[in-house]
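Undergrad:
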Amino acid sequence: MKSLLLGLMLLAVSMLGLAGSVDLNTATAAQIAKHLHGIGLAKARKIIEYR
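All residue numbers for the sequence shown refer to my numbering, where the first residue is 60 and numbers rise by one.
1) Would you please state the rounded distance, in angstroms, between the beta carbons of A103 and I91? I believe it to be under 8 Å.
2) Go to H94, then tell me how far its alpha helix (DSSP H) extends in each direction, as first and last residue.
3) What is the residue span of the alpha helix (DSSP H) that L100 lies within?
4) Quick check: I98 and L83, are their CB atoms within less than 8 Å of each other?
5) Here's the rule: buried if 16 or more other CB atoms are within 10 angstroms of the residue's CB, otherwise exposed. What is A89?
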């Protein structure tokens, strides 16, 4: 049980390392669309308009 928990924790930590970071206050629409899963270029443009 402990090894399963340890494995899950290591998997979670490794997934965090794969996530890209983007500053929503300064990023372009293309950068937002590239780095945020589920956000396309159209939605990224709306985010830019809103800010």
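We treat Cβ as the ideally placed atom computed from N, Cα and C, and that holds for glycine.
TA: In short, the structure shows the following:
1) 4 Å
2) 88-94
3) 100-109
4) no
5) exposed
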